[in-house]
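Structure first, commentary second.
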Ligand SMILES: Cc1ncc(COP(=O)(O)O)c(C=O)c1O
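So this is what it looks like as structure tokens:
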């Protein structure tokens, strides 16, 4: 099946490939999928604690071109969004933007899952530190 | 000059050799007769051409011309062989032996036969994708009527010990069918020397046209009988009715003749190019693995897994090169190739596999181009892969609880 130009564009020039330090308090990491299933997506957000805005986002993906394009697009959309707005991103928007064919819809689902997982990870970290009253956090 | 895209998927199908096309054309235009018309020159001419094609095919596999039954392709030939034998010999027994990495044409036909009351043993394969004659001997029962083992696998190229299996079957008086679709025209096949009673082949895998195949049915020692699956005018000794597609048959004959004359030289060339490709890629990419047997494989086939990179994703990166992947990244099927799984290749590496099929028309220049492109793209995708990153950090991927989906 031929791929849409947008998928190819993201695949050939993926935005925001890379990683943040996972232990950084202001970083949220979502790791979803499984190698046995043929896709794994790691998506990270860097949040400005003062404003609560997502300042930067990065990804690494093991998967088909549609999975890579979905991740790349997700990071683009996350930058500059509030946590709340980020949580409102739906996989159907990704499907539409990239013109994903029906057999590739699961790639967009994975991207949405990764966004949610990254935000949850960030929020968990924040809560833990509040509870611990700024005790130094173990890095690891 | 290098022309893109490059076709390197010759286990899927092959380009019809221009010489084959040339041989076929008159049988669409002037020589359009029905080979069954006995009373005018149009019919005689067509019949003669069909007879010549039978000889050409017979030469290639060491059979007599009248032992060739034309079908629409190998899928039909396999159906006819398995169902035809099962139904004809069901009074003798109801047990069939095959193995797990057969093509779906065999596996699904066997499943159908199971529904009809036959018992089928699906032998496991070793890590190279091979079975042994010994395994078959152990699986035999006094109800076994047929053994069906492919000569060469379409995904991983592994060859099976056909001669040893044929010998065993002869010794036990059990019929032996082989799906030789990938083998015919690529490696020497001789039905007498190998003890083959039935053999399926396909035009489009040997530089002939699509829509034509053949079933070799042994006529002597033993005379194999089949229950026909298509009834009608009684063509092909009553085993397969239907007006013969003369142009396609002429094409298959010509394709067989070219293979017969050129196979020895050609297989040396495809082997050399295959090895160049394999070594060129694998020497530059750590953690790449060849699937299937290292030596006992089709000369043109290289099936390689690239750890940490997903096969379909890689195919998009090398989209100017037509290859196949054992990965299936669709919502319909997340399961990777059942062939690779049967070898015990983990699902992760199965998802990372690419099949390169080098054939008659590939050039050295193309192989050089593909080596560079694959190495570059695998490295690019590894830089993008979370699995590669974890492995570099020393994290054991097996220790992670994956979420799946
Ligand atoms: C090993 C094997 N058997 C059977 C077939 C089916 O052949 P055909 O396409 O002629 O029906 C193929 C080709 O897809 C094959 O590779």
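Chains as they are written, first to last, in our numbering: chain F, 1 to 140; chain C, 141 to 545.
Yeah, the Cβ is synthetic: ideal placement off N, Cα and C, and Gly gets one too.
Sequence-distant residues of the same chain with beta carbon closer than 8 Å to residue i, five excluded per side
i              : result
residue 145(C) : 459, 460, 461, 462
residue 282(C) : 233
residue 307(C) : 273, 335
residue 249(C) : 218, 219, 222, 223
residue 30(F)  : 41, 42, 43, 44, 113, 114, 115, 116, 117, 118, 119, 120, 121
residue 279(C) : 237, 261, 263
residue 530(C) : 537, 540
Closer than 7 Å: residue i CB and nearest ligand 1 heavy atom
i              : result
residue 243(C) : yes
residue 344(C) : yes
residue 313(C) : no
residue 215(C) : yes
residue 519(C) : no
residue 161(C) : no
residue 148(C) : no
residue 95(F)  : no
residue 239(C) : no
residue 369(C) : no
residue 290(C) : yes
residue 321(C) : yes
residue 183(C) : no
residue 535(C) : no
residue 218(C) : yes
residue 199(C) : no
residue 348(C) : no
residue 451(C) : no
residue 353(C) : yes
residue 26(F)  : no
residue 294(C) : yes
Close Cβ partners of residue i (< 6 Å) along its chain, the five nearest in sequence each way excluded
i              : result
residue 199(C) : 400
residue 242(C) : 290
residue 104(F) : 66
residue 303(C) : 334
residue 298(C) : 268, 269, 270, 432, 433, 437
residue 483(C) : 267, 269
residue 128(F) : none
residue 245(C) : 215, 218
C-beta contact flag for residue i and residue j at 8 Å
i              : j              : result
residue 213(C) : residue 351(C) : yes
residue 240(C) : residue 265(C) : yes
residue 43(F)  : residue 74(F)  : yes
residue 153(F) : residue 111(F) : This structure gives no information on residue 153(F), because the portion of chain F shown stretches from 1 to 140.
residue 68(F)  : residue 106(F) : no
residue 347(C) : residue 398(C) : yes
residue 286(C) : residue 226(C) : yes
residue 542(C) : residue 88(F)  : no
residue 96(F)  : residue 488(C) : no
residue 152(C) : residue 497(C) : yes
residue 197(C) : residue 331(C) : no
residue 467(C) : residue 439(C) : no
residue 154(C) : residue 310(C) : no
Neighbourhood of residue i by C-beta distance below 7 Å, restricted to the same chain and skipping five residues each side
i              : result
residue 372(C) : 381, 382
residue 390(C) : 163, 164, 167, 189, 193
residue 471(C) : In this prediction, residue 471(C) has a pLDDT of 49, which is less than 50 and means its spatial position is unreliable; what the coordinates show is noted afterwards. Hits under 7 Å: none found.
residue 187(C) : 175
residue 56(F)  : 46, 79
residue 77(F)  : 89
residue 228(C) : 365, 366, 367
residue 177(C) : 183
residue 387(C) : 164, 167, 168
Is it the case that the stretch 473-489 of chain C contacts the stretch 400-414 of chain C, given that we only count it when at least three CB pairs across the two stretches are under 8 Å? At 8 Å Cβ cutoff, the stretches do not touch.
Sufficient close CB pairs (3 or more, under 8 Å) joining the stretch 447-455 of chain C to the stretch 486-495 of chain C: The stretch 447-455 of chain C makes contact with the stretch 486-495 of chain C, as at least three CB pairs between them are under 8 Å.
Does the stretch 50-64 of chain F come within contact of the stretch 502-513 of chain C, defined as at least 3 CB pairs closer than 8 Å? With the cut-off at 8 Å, the stretch 50-64 of chain F and the stretch 502-513 of chain C do not touch.
Closer than 8 Å is the cut-off here; do at least three beta carbon pairs connect the stretch 496-507 of chain C with the stretch 162-170 of chain C? Under the three-pair Cβ rule at 8 Å, the stretch 496-507 of chain C does not count as touching the stretch 162-170 of chain C.
Would you call the stretch 352-371 of chain C in contact with the stretch 120-127 of chain F, where contact means no fewer than 3 C-beta pairs closer than 8 Å? They do not touch, by the three-pair rule.
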